[in-house]
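Listed below in structure tokens is the structure:
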């Protein structure tokens, strides 16, 4: 999910109030603007441009996300990307975990025409800072060149993966991927090659297939319908 919206200066508190999650991780990447986070485990944080918030709901957490007070005072563009990452069955009832990853903590791999930020996984021997419960790849590539640029990224063989054109256009295997579109990739091969337009920003997202049943509804991602009903019961009985 990518959202870009202009907001005027205001005193009103905008965002999403308290709500529960269980069984997966929310990964929020800030491109423009800033948001405040608070959760039932005592974590509070603010992320701004370039920062990442990696929250493992696991056995259950309640959190809220609002525009930061500093952003609300000034107004401006708010652009956030949020991913939901399923947890393996063995870790769905682990303790919740929160990882604030600042832009300065994310290593970059430069190439002719731009650079790639390694948030999770590895590329060219550089390992991202995010801790994951199963192998997950999350790269953010930025094209600085004023010309079309060829890009090659590492992607483990056998992993599911996709490219998201957050800005600009891509050409992948002779297919044109326009802004805000996604290219689903083959699990064969050890890297991904594409051509990107000037100023493009691209996210590579992938992971090792879990090959486990999924039962999902609203803010809960479980393995069975019984587990879904238990999640609802636990939430309404204060067991998160």
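In my numbering, the protein residues as written are 78 to 317. No residue lacks a Cβ here, since even glycine has one placed at the ideal position from N, Cα and C.
Here residue 116 is buried: its Cβ has 16 or more other Cβ atoms, across all protein chains shown, within 10 Å. Ranking 272, 169 and 82 by CA distance to the CA of residue 223 puts 272 first.
Going by DSSP, residue 175 is part of the beta strand (DSSP E) stretching over 174-178.
Unbroken beta strand (DSSP E) runs of no fewer than 3 residues, entirely contained in the region 175-235, are found at 185-188, 191-197, 213-220 and 226-231, following chain order. By the 16-neighbour rule on beta-carbons within 10 angstroms, residue 121 is exposed.
For residue 148 and residue 303, the gap between their C-alpha atoms comes out near 42 Å. Ranking 283, 109 and 98 by CA distance to the CA of residue 135 puts 98 first. Annotated as distal: residue 268 and residue 311, with beta-carbon spacing of 9 Å or more.
Taking residue 137 as the centre and dropping the five residues before and after it, the same chain places the C-beta of 99 and 317 closer than 6 Å to its C-beta, in chain order.
Taking 9 Å as the cut-off, the beta carbon of residue 277 is found no closer than this to the beta carbon of residue 193. Taking the Cα positions, residue 128 is about 34 Å away from residue 301.
Spanning the alpha carbons of residue 226 and residue 119 requires a straight line of approximately 44 Å. The DSSP-derived three-state label of residue 151 is helix. C-alpha of residue 130 to C-alpha of residue 162: approximately 13 Å in a straight line.
DSSP places residue 160 in the strand class (E or B) of the three-state scheme. Among the bridge pairs identified by DSSP, residue 252 is matched with 249.
Burial state of residue 253 is exposed, judged by a 10 Å Cβ sphere holding fewer than 16 other Cβ atoms. In the same chain as residue 248, and ignoring 5 residues on each side of it, the C-beta atoms closer than 7 Å to its own belong to 271 and 272, in chain order. Shown here for residue 234: same chain residues with a beta carbon closer than 8 Å to its own, the five before and five after excluded, namely 264, 265, 266 and 267 in chain order. For residue 107 and residue 281, the gap between their C-alpha atoms comes out near 16 Å.
Between the region 150-169 and the region 205-215, the count of C-beta pairs closer than 8 Å reaches three or more; the two stretches touch. Across the structure, residue 195 and residue 186 are spaced so that their CA atoms are roughly 8 Å apart.
Residue state for residue 237 is assigned as strand, using DSSP reduced to three classes.
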